[in-house]
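A.B. asks:
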Amino acid sequence: MTKDSFKARGTLAVGGKEYDIFRLAAVPGTEKLPYSLKILAENLLRNEDGENITADHIQAIANWDPAAQPSHEIQFTPARVIMQDFTGVPCVVDLAVMREAFAQMGGDPNAINPQVPAELVIDHSVQIDVFGQKMAFQRNVEREYERNYERYQFLRWGQTAFDSFKVVPPSTGIVHQVNIEYLARGVFTAEQDGRTLAYPDTCVGTDSHTTMVNGLGVLGWGVGGIEAEAAMLGQPISMLIPRVVGFKLTGSIPPGATATDVVLTITEMLRAHGVVGKFVEFIGEGVGQVPLANRATIGNMSPEFGSTAAIFPIDQVTLDYFRLTGRSEEQVQLIEAYAKEQGLWHDPSAQVEYSEYLELDLSTVVPSIAGPKRPQDRISLTESKNSFRSSLKDYVDYDTEVHETSLDHALEGSFPASDPVNLDDMKDRNGSQPEHHELQGDRAHKVVPVTLADGTETVLDHGAVAIASITSCTNTSNPSVMLAAGLLARNANQKGLKVKPWVKTSLAPGSQVVTDYYEAAGLMPDMDALGFNLVGYGCTTCIGNSGPLPPEVSKVVNEEDLAVVSVLSGNRNFEGRINPDVKMNYLASPPLVVAYALAGTMDFDFVADPLGQDQDGNDVYLADIWPDADEVQRVIDSSVTREMFLKDYADVFKGDEHWNQLEIPHGSTFTWEGDSTYVRRAPYFEGMPATPEPVQDITGARVLLRLGDSVTTDHISPAGSFRSDSPAGQYLLEHGVQPRDFNSYGSRRGNHEVMIRGTFANIRIRNEMLPGVEGGFTRDFTREGGPQTTVFEAAQNYLAEGTPLVVLAGAEYGSGSSRDWAAKGVSLLGVKAVITESFERIHRSNLIGMGVLPLEFPAGENRNTLGLDGTEVFDISGVTELNEGRTPATVHVRATKDDGSTVEFDARLRIDTPAEADYYRNGGILQYVLRQLKAKEDAKA
Numbered sequence: 002m003t004k005d006s007f008k009a010r011g012t013l014a015v016g017g018k019e020y021d022i023f024r025l026a027a028v029p030g031t032e033k034l035p036y037s038l039k040i041l042a043e044n045l046l047r048n049e050d051g052e053n054i055t056a057d058h059i060q061a062i063a064n065w066d067p068a069a070q071p072s073h074e075i076q077f078t079p080a081r082v083i084m085q086d087f088t089g090v091p092c093v094v095d096l097a098v099m100r101e102a103f104a105q106m107g108g109d110p111n112a113i114n115p116q117v118p119a120e121l122v123i124d125h126s127v128q129i130d131v132f133g134q135k136m137a138f139q140r141n142v143e144r145e146y147e148r149n150y151e152r153y154q155f156l157r158w159g160q161t162a163f164d165s166f167k168v169v170p171p172s173t174g175i176v177h178q179v180n181i182e183y184l185a186r187g188v189f190t191a192e193q194d195g196r197t198l199a200y201p202d203t204c205v206g207t208d209s210h211t212t213m214v215n216g217l218g219v220l221g222w223g224v225g226g227i228e229a230e231a232a233m234l235g236q237p238i239s240m241l242i243p244r245v246v247g248f249k250l251t252g253s254i255p256p257g258a259t260a261t262d263v264v265l266t267i268t269e270m271l272r273a274h275g276v277v278g279k280f281v282e283f284i285g286e287g288v289g290q291v292p293l294a295n296r297a298t299i300g301n302m303s304p305e306f307g308s309t310a311a312i313f314p315i316d317q318v319t320l321d322y323f324r325l326t327g328r329s330e331e332q333v334q335l336i337e338a339y340a341k342e343q344g345l346w347h348d349p350s351a352q353v354e355y356s357e358y359l360e361l362d363l364s365t366v367v368p369s370i371a372g373p374k375r376p377q378d379r380i381s382l383t384e385s386k387n388s389f390r391s392s393l394k395d396y397v398d399y400d401t402e403v404h405e406t407s408l409d410h411a412l413e414g415s416f417p418a419s420d421p422v423n424l425d426d427m428k429d430r431n432g433s434q435p436e437h438h439e440l441q442g443d444r445a446h447k448v449v450p451v452t453l454a455d456g457t458e459t460v461l462d463h464g465a466v467a468i469a470s471i472t473s474c475t476n477t478s479n480p481s482v483m484l485a486a487g488l489l490a491r492n493a494n495q496k497g498l499k500v501k502p503w504v505k506t507s508l509a510p511g512s513q514v515v516t517d518y519y520e521a522a523g524l525m526p527d528m529d530a531l532g533f534n535l536v537g538y539g540c541t542t543c544i545g546n547s548g549p550l551p552p553e554v555s556k557v558v559n560e561e562d563l564a565v566v567s568v569l570s571g572n573r574n575f576e577g578r579i580n581p582d583v584k585m586n587y588l589a590s591p592p593l594v595v596a597y598a599l600a601g602t603m604d605f606d607f608v609a610d611p612l613g614q615d616q617d618g619n620d621v622y623l624a625d626i627w628p629d630a631d632e633v634q635r636v637i638d639s640s641v642t643r644e645m646f647l648k649d650y651a652d653v654f655k656g657d658e659h660w661n662q663l664e665i666p667h668g669s670t671f672t673w674e675g676d677s678t679y680v681r682r683a684p685y686f687e688g689m690p691a692t693p694e695p696v697q698d699i700t701g702a703r704v705l706l707r708l709g710d711s712v713t714t715d716h717i718s719p720a721g722s723f724r725s726d727s728p729a730g731q732y733l734l735e736h737g738v739q740p741r742d743f744n745s746y747g748s749r750r751g752n753h754e755v756m757i758r759g760t761f762a763n764i765r766i767r768n769e770m771l772p773g774v775e776g777g778f779t780r781d782f783t784r785e786g787g788p789q790t791t792v793f794e795a796a797q798n799y800l801a802e803g804t805p806l807v808v809l810a811g812a813e814y815g816s817g818s819s820r821d822w823a824a825k826g827v828s829l830l831g832v833k834a835v836i837t838e839s840f841e842r843i844h845r846s847n848l849i850g851m852g853v854l855p856l857e858f859p860a861g862e863n864r865n866t867l868g869l870d871g872t873e874v875f876d877i878s879g880v881t882e883l884n885e886g887r888t889p890a891t892v893h894v895r896a897t898k899d900d901g902s903t904v905e906f907d908a909r910l911r912i913d914t915p916a917e918a919d920y921y922r923n924g925g926i927l928q929y930v931l932r933q934l935k936a937k938e939d940a941k942a
């Protein structure tokens, strides 16, 4: 029962219906808060219980000092939790195991049940096995169900076994696009004591791009799966009242630029400014001119620039979008009335102070891409060719592989700007077939012949576009860029242009509405003609499900060690993520994805180089086929309708015949199959005592890896495909799984045996203990001399000896997706502490949630300045102070070298809140929640 110290509870009449609300006006000071903090203030008012949330907490947020550093801890209770299947399956596994553990503790297993609505969208499992043909979608769906039968069966069981848990079946869309188009409420309602309570729709999600919903004025962000599970079970999320950055938008997007270009520009600006752990709030008169789809696109990229949330306030644009996407008029009226009553309606003239300010004149945005390995590395399209040539030096060994030849004419005239190269002509000109490097114009070439499956003879070179994929919630939610891609395809077809034959093309929309409006606009045949056939409704390439390259292309790429590239309309392009054969990855708008497929190479100047010739032999440039912005808008106005959303979301939880034919296990606890390679009982609660044992200092620890800057959760816990010679591949082979059925790491997250073998197994990770070596390898000091072996094998040997482990790393450790397995896997490998220069927000929290200490080097120091090479033995003292209810600011670290000398320093302990200290003392957040639930049950008894 809410304590309501400020007498804030009242009523709001909307359309003849009365709602209870908690009025912010009852608390002086809240009227001056930024929009996002008003939502947090209401959350505290409504959930005040006098214990976890008190009047002092509410007063602290009302008195928020924008200039101060965060220091006040609050408890945030989200209205709902949203998941995707990669992160959702392990969540449901954990809940199932918690039920068993709770029963063993003498509790009622049905007490382990979501306390808030939890919705899971299956969108991460479809892979692009088949492309460039009409039957691609159907065949990929069939393979999806073949691969994922066990997982989908398990999720259907979860939907029947747990209350308030719903599953959106496969082939519906991408979680964040489904969220903004259907699941988001804007204002939430719940029945309480016979009355209807209205409050802001807030959510946390097990995917970092949950922030896409910020575009609707809904406050939400990504959390780790373990934190989401706790939220589902009614555990509030502990956080510090954040700093809020006011980002003023002015002007309008110029012709030729797209929403994607705006997003890449904002990402670059905010990453450079530094917004990790902060809220970003878009303000100013210009906000009202930003279409909702663009707002969602910007919100989606919040993890890429590092902020917790990136929100737009509710205004008329918001209401228009809710109507367009099929929400009821009653709901839209409630959203408007509630927002205006609570001061949550966008008012550009409001006197609000922010912690920091930035500004972007949208008219200065230029066409851009980002890459080749980070989303914040924006490149103006006019500089893309030079940038690629500069980056290529990091992927080609110039000293040993570059040789002078005379391929200028072949490269400039035939590869890749027009038809496939005539190999006989090339042989005549050069005396031998081209299969070596040439340094030309500050870049290396290695032109090698390849015969494609259809008999086409052509050549490949460094920089060839191997994958061109329109995918990801970031852009497929935005009709302006999607229809621009369709119109560009139409114009290219009219000019007779063709996609280069070595490019793997694909179209994976974020919802069925996209193909509806493509059909309505008559553009689907044009996309098909260029090979951009529908391959599935899901994340596909962006999450690493690009599927294999054609065998003949893959063979040449690997045998010749070619640095080929992918171009995708996604939000992530980290190393090793997209495809194991592809070294360089670039983000681009959907129309630019089509353009790069036509060009066939990153070594291309879209101003100076023609894409090909028309039927009359005239050169065709990108400017000749780029669609006019007014035309794009006319097509949007005539093709995107409310009826499409009503039709496609009419029965969104039902699923297709594949889904409905799955057999559903019954019972409140799951029956585990001993031979399953997808879903296995997790080990987190084995031997867990009823009360936590005292935490211990760490002694005699060895270094598992020594890593550099910007190590992402993709590096730590890959989501894409893996080879048969990897530890995970070997495990599956031993269990009778053939390589074609390996699926992906992401799809195997319900099996901890696969995932611990995949931890630190990214093919592009670089362990500084092994210079010149890429991949999941380390030195094993349980053996004489510390020989090289896999990370998994070394960790198993250390576990057998009882030796704890630490990881050393640089800045921005754990950036990227909010991947719980990046913490779970680390914990199961035996890592007790991670020492870095800095952490990304979600991963630091996840480490604590799995009982791993996050430590930071002293300011100005790092593994290099301290002379730590990874061969040392580490002792970490001061941890035991946590047993006394204190959280020390630092702990003492002593690293002893082989010669007996020591390096000593005080590391900053990044346990930031009392709640996090409780989680660590309990060995993890789930253990804490389980014990708390049992204590509540015992108290009632």
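If you're matching positions, the sequence shown starts at 2 in this note's numbering and goes up one per residue. The beta-carbon is built from N, C-alpha and C at its ideal position, and this holds for glycine as well.
#1: Contact defined as beta carbons within less than 8 Å: I believe Thr947 pairs with Ala810. What is the distance between those atoms, to the nearest angstrom?
#2: Can you tell which of Ala26, Val704, Tyr920 and Met106 has its C-alpha closest to the C-alpha of Arg845?
#3: Compare the Cα-Cα distances from Asp86 to each of Val127, Gly11, Lys937 and Ile380 and report the closest residue.
#4: Quick check: the Cα distance between Asn923 and Arg749, rounded to an integer number of angstroms?
#5: Ile912 lies in the beta strand (DSSP E); which residues open and close that run?
#6: What does the alpha-carbon distance come out to for the pair Ile242 and Ala918?
#7: Under DSSP, the beta strand (DSSP E) around Ala469 begins and ends at which residues?
#8: For the candidate residues Asp710, Ala297, Lys135 and Trp822, whose alpha-carbon lies nearest to that of Asn865?
#9: State buried or exposed for His716, treating a residue as buried only when at least 16 other CB atoms are found within 10 Å of its CB.
#10: Rounded to whole angstroms, how far is the Cβ of Ala485 from the Cβ of Phe533, which I believe are closer than 8 Å?
#11: To the nearest angstrom, how far is the alpha carbon of Gly89 from that of Gly456?
#12: Return the CA-CA distance between Tyr746 and Ile544, expressed in angstroms with no decimal places.
#13: For Phe166, which residues in the same chain have their Cβ closer than 7 Å to its Cβ, ignoring the five residues on either side in sequence?
#14: Which residues bound the alpha helix (DSSP H) around Trp957?
#15: Ends of the beta strand (DSSP E) at Cys204?
#16: Considering Asn586, what are the terminal residues of the alpha helix (DSSP H) in which it resides?
#17: Would DSSP call Gly701 helix, strand or coil?
#18: Whole angstroms are fine: how far does the CA of Pro855 sit from the CA of Ala916?
#19: Helix, strand or coil: which one does DSSP assign to Met233?
#20: Does any residue of chain B have a CB that is nearer than 8 Å to the CB of Thr319?
#21: What does DSSP give as the partner residue(s) for Ser878 in the beta ladder?
#22: Leaving out the 5 sequence neighbours to the left and right, which residues in its chain are closer than 8 Å to Ile665 when beta-carbon positions are compared?
#23: Which residue's Cα is closest to the Cα of Ser507: Gly539, Arg390 and Tyr518?
#24: Taking all protein chains shown into account, decide if Met756 is buried (16 or more other Cβ within 10 angstroms of its Cβ) or exposed.
#25: Tell me where the alpha helix (DSSP H) around Met603 begins and ends.
#26: Under the DSSP definition of a beta bridge, which residues are partnered with Met240?
#27: For the beta strand (DSSP E) containing His844, name the first residue and the last one.
#28: Does the beta-carbon distance from Pro805 to Gly831 come in below 8 Å?
#29: Specify, as a first and last residue, the run of the beta strand (DSSP E) that Thr173 falls within.
#30: Could you check where the alpha helix (DSSP H) with Arg932 kicks off and where it finishes?
#31: Going by DSSP in three states, Ile380 sits in which element: helix, strand or coil?
#32: For Tyr200, does the three-state DSSP call read helix, strand or coil?
#33: Counting C-beta neighbours from all protein chains within 10 Å, is the total for Thr477 16 or more, i.e. buried, or is it exposed?
#34: Buried or exposed: which applies to Val288, given that a residue is buried once 16 or more other Cβ atoms fall within 10 Å of its Cβ?
#35: Could you tell me the alpha carbon to alpha carbon distance between Ser828 and Ala908, rounded to whole angstroms?
#36: Who does Ala834 pair with in a DSSP beta bridge?
C.D. replies: Taking the coordinates as given:
#1: As displayed, the chain neither begins before 2 nor continues past 942, which places residue 947 out of reach and without an answer.
#2: The sequence position of residue 845 within the sequence shown is 844, counting from 1. Out of Ala26, Val704, Tyr920 and Met106, Tyr920 has the C-alpha closest to the C-alpha of Arg845.
#3: Your numbering for residue 86 matches position 85 in the sequence shown. Checking every option, the nearest Cα to that of Asp86 belongs to Val127.
#4: Position 922 of the sequence shown, counting from 1, holds the residue named residue 923. Position 748 of the sequence shown, counting from 1, holds the residue named residue 749. Looking at the two C-alpha atoms, the distance is approximately 27 Å.
#5: On the sequence shown, position 911 is the one that residue 912 refers to. First-last for Ile912: undefined, no H or E at that position.
#6: As a working note, residue 242 is residue 241 in the sequence shown. As a working note, residue 918 is residue 917 in the sequence shown. For Ile242 and Ala918, the gap between their C-alpha atoms comes out near 18 Å.
#7: Position 468 of the sequence shown holds residue 469. Val466 to Ile471 is the extent of the beta strand (DSSP E) around Ala469.
#8: One-based indexing of the sequence shown puts residue 865 at position 864. Ranking the options by Cα distance to Asn865, first place goes to Asp710.
#9: Mapped onto the sequence shown, residue 716 falls at position 715. The residue is buried, with at least 16 neighbouring Cβ atoms inside 10 Å.
#10: Locating residue 485 in the sequence shown gives position 484, where the first residue counts as 1. Locating residue 533 in the sequence shown gives position 532, where the first residue counts as 1. The C-beta separation of Ala485 from Phe533 comes to about 13 Å, leaving the pair out of contact by the 8 Å criterion.
#11: On the sequence shown, residue 89 is found 88 positions in, with the first residue counted as 1. On the sequence shown, residue 456 is found 455 positions in, with the first residue counted as 1. A direct Cα-to-Cα measurement between Gly89 and Gly456 gives close to 44 Å.
#12: As a position in the sequence shown, residue 746 is number 745, starting the count at 1. As a position in the sequence shown, residue 544 is number 543, starting the count at 1. Going from the Cα of Tyr746 to the Cα of Ile544 covers about 10 Å.
#13: By one-based count along the sequence shown, residue 166 stands at place 165. In its chain, beyond the 5 residues on either side, Pro115, Ala119, Gly159 and Gln160 have a beta carbon closer than 7 Å to the beta carbon of Phe166.
#14: Residue numbering for the chain in the displayed model covers 2 to 942; residue 957 lies beyond these limits and cannot be assessed.
#15: Residue 204 sits at position 203 when you count from the first residue of the sequence shown. Counting along the chain, the beta strand (DSSP E) containing Cys204 begins and ends at Thr203 to Gly206.
#16: Translated into positions along the sequence shown, residue 586 becomes position 585. Counting along the chain, Asn586 falls outside any alpha helix (DSSP H), though it belongs to the beta strand (DSSP E) covering Met585 to Leu588.
#17: Your numbering for residue 701 matches position 700 in the sequence shown. Strand at Gly701.
#18: Along the sequence shown, one-based indexing puts residue 916 at 915. Along the sequence shown, one-based indexing puts residue 855 at 854. Between Ala916 and Pro855, the C-alpha separation is close to 15 Å.
#19: Within the sequence shown, residue 233 is the residue found at index 232, counting from 1. Residue state, collapsed to three classes: helix.
#20: Any reference to chain B falls outside this structure, which holds one protein chain only.
#21: Within the sequence shown, numbered from 1, the residue matching residue 878 stands at position 877. BP columns for Ser878 point to His893.
#22: Here residue 665 corresponds to residue number 664 of the sequence shown, with the count starting at 1. If you ignore the 5 residues before and after Ile665, its C-beta comes within less than 8 Å of the C-beta of Gln154, Arg157, Trp158 and Thr161, all in its own chain and listed in chain order.
#23: The count along the sequence shown starts at 1 and reaches residue 507 at position 506. For the residues Gly539, Arg390 and Tyr518, the minimum Cα distance to Ser507 belongs to Gly539.
#24: The sequence position of residue 756 within the sequence shown is 755, counting from 1. Buried, by the Cβ-count rule.
#25: Along the sequence shown, one-based indexing puts residue 603 at 602. Following the DSSP letters along the chain, one finds Met603 in no alpha helix (DSSP H), marked with neither H nor E.
#26: Indexing the sequence shown from 1 puts residue 240 at position 239. Ile75.
#27: Taking the sequence shown and counting its residues from 1, the one referred to as residue 844 is at position 843. Note, His844: premise wrong, no beta strand (DSSP E); alpha helix (DSSP H) at Arg842 to Gly850.
#28: Counted from its first residue, the sequence shown places residue 805 at position 804. Counted from its first residue, the sequence shown places residue 831 at position 830. In contact: Pro805 and Gly831 (Cβ atoms closer than 8 Å).
#29: One-based indexing of the sequence shown puts residue 173 at position 172. Thr173 -> no beta strand (DSSP E), and no H or E assigned at all.
#30: Translated into the one-based positions of the sequence shown, residue 932 becomes position 931. Run containing Arg932: Ile926 to Lys941, per the alpha helix (DSSP H) assignment.
#31: Against the sequence shown, residue 380 aligns to sequence position 379. Strand.
#32: The residue given as residue 200 occupies position 199 in the sequence shown. If DSSP states are grouped into helix, strand and coil, Tyr200 belongs with the strands.
#33: Here residue 477 is taken as the residue at index 476 of the sequence shown, counted from 1. Thr477 sits buried, since 16 or more C-beta atoms from the chains shown fall within 10 Å of its C-beta.
#34: Within the sequence shown, numbered from 1, the residue matching residue 288 stands at position 287. Residue environment: Val288 is assigned as buried (16 or more neighbouring CB atoms within 10 Å of its CB, all protein chains considered).
#35: As a first step, residue 828 is located in the sequence shown; it is residue number 827 there, counting from the start. As a first step, residue 908 is located in the sequence shown; it is residue number 907 there, counting from the start. Rounded to whole angstroms, Ser828 to Ala908 spans 20 Å at the Cα level.
#36: Against the sequence shown, residue 834 aligns to sequence position 833. Answer by DSSP bridge pairing, in chain order: Val807 and Leu854.
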